[in-house]
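Counted from 1, the sequence shown has number 675 at position 168 by the numbering used here; the numbering is strictly sequential. For glycine and all other residues, C-beta sits at the position ideal for the given N, C-alpha and C. Remarks on the structure that follows.
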Amino acid sequence: MRERIVAGNWKMNTTPAEGAALLSGVAALKNEVRDCVTLVVAPPFTHLSQIVEAAQGTGIRVSSQNCAAEAKGAYTGEVSAQMIASLGVEFTILGHSERREYYGETSETLNKKMAQAYANGLAPIYCVGEKLDEREAGSHFDVVKAQIEEVVFNLTAEQYGKLVIAYEPVWAIGTGKTATSEEAARVCGVIRKAIREEFGLEAAEEVRIQYGGSMNPGNVKELMAQRNIDGGLIGGASLKAADFSQVVLYDN
Ligand code: PEP
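Next comes the structure, spelled out in structure tokens:
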């Protein structure tokens, strides 16, 4: 049985003080959910350290939203996986569509970032997903399969065990449009099948696949009812503790 994983991607939102307030709102749910869900928040780099400290004893885990592709050195403005891990952060989001689109991240970059994440003990939440024109052209399965093959297939079995995959159709991110639960589940099924063919049945049954793209209290129940969807990567709805809490507690 795969444990559900719900992660809030705060993106470039919240000051440290706002982040601390948001965290304490989310922490109010801890007793009800601690045993049945992996609960993650991904604040901006500036307050990772503070949020790790505030999350202690709450059961909430902390993720960065990115990490550098290189280990150290003359890379102005970058933050290395080692620096992030040294704060007590456990996860890193990699390959988010906003990074692919606005910062030109390719599979080549992402292979390097994955290597840095693993070398420093961070568990990647690796994002994949098609753009609107790719869905309209009917190439969405191929696009997502390629994003998996070009990066995930390079992992070792040991590395693979820590991986979380987030399927996020780009056209549904921050737009209020959600993939129907059937559409989302079909792509998540294709991802799991690709994993099975490469890593075997057991690995495929164990990997956690999140859906992301305008997930909110109103649609979470239907999405989470799908066999191949094991949680959510939540943007907008993670910025209000009440909404995020409702997404986490959708079946209570
Ligand atoms: C995201 O950016 O990962 C995301 C899913 O955003 P939203 O929930 O706002 O669509």
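My understanding is that residue i touches residue j, with C-beta atoms under 8 angstroms, so please give their C-beta distance in whole angstroms.
i, j, result
"Y633", "I672", "5 angstroms"
"C574", "V586", "7 angstroms"
"V701", "E656", "Per the sequence shown, the amino acid found at residue 701 is Ala instead of Val. That belief holds up - the Cβ atoms of A701 and E656 are roughly 7 angstroms apart, short of 8 angstroms."
"A581", "N627", "A581 to N627, Cβ: 19 angstroms. No contact."
"L530", "A562", "6 angstroms"
"A744", "V754", "6 angstroms"
"T545", "E577", "Actually they do not touch by this definition, with Cβ atoms about 29 angstroms apart."
"L639", "V677", "7 angstroms"
"H554", "G584", "The Cβ separation is near 17 angstroms, so there is no contact."
"A679", "T685", "5 angstroms"
So what does DSSP say about residue i, is it helix, strand or coil?
i, result
"V671", "strand"
"C695", "helix"
"I680", "coil"
"A534", "helix"
"S604", "helix"
"S646", "coil"
"V586", "coil"
"E612", "coil"
"T553", "helix"
"K579", "coil"
"Q666", "helix"
"A732", "coil"
"N726", "coil"
"A686", "coil"
"G707", "coil"
"K700", "helix"
"N520", "coil"
"L746", "coil"
"Q654", "helix"
"Q563", "coil"
What are the partner residues of residue i, as DSSP defines its beta bridges?
i, result
"I591", "The partner list for I591 (beta bridge, DSSP) is empty, contrary to what the question assumes."
"A760", "Residue numbering for the chain in the displayed model covers 508 to 759; residue 760 lies beyond these limits and cannot be assessed."
"V754", "V754 is not bridged to any residue."
"T545", "I512"
"Y718", "Y674 and G739"
"S571", "T599"
"V659", "DSSP lists no partner for V659."
"V635", "Y674"
Does the Cβ-Cβ distance between residue i and residue j come in under 9 angstroms?
i, j, result
"S688", "E729", "yes"
"H603", "N516", "yes"
"M731", "G739", "yes"
"S571", "V596", "yes"
"Y667", "V635", "no"
"Y757", "P724", "yes"
"D750", "I512", "no"
"F660", "L629", "no"
"A624", "A588", "yes"
"G742", "G683", "no"
"I716", "K652", "no"
"L594", "M621", "no"
"T522", "L746", "no"
"E615", "R606", "no"
"A524", "V547", "no"
Report whether the distance from the Cβ of residue i to the nearest heavy atom of the ligand GDP is below 8 angstroms.
i, result
"I655", "Absence of the ligand GDP from the depicted structure is noted, with the ligand PEP being the only ligands included."
Is any beta-carbon of chain D found at less than 9 angstroms from that of residue i?
i, result
"S570", "Note that chain D does not occur in the displayed structure, where there is just one protein chain."
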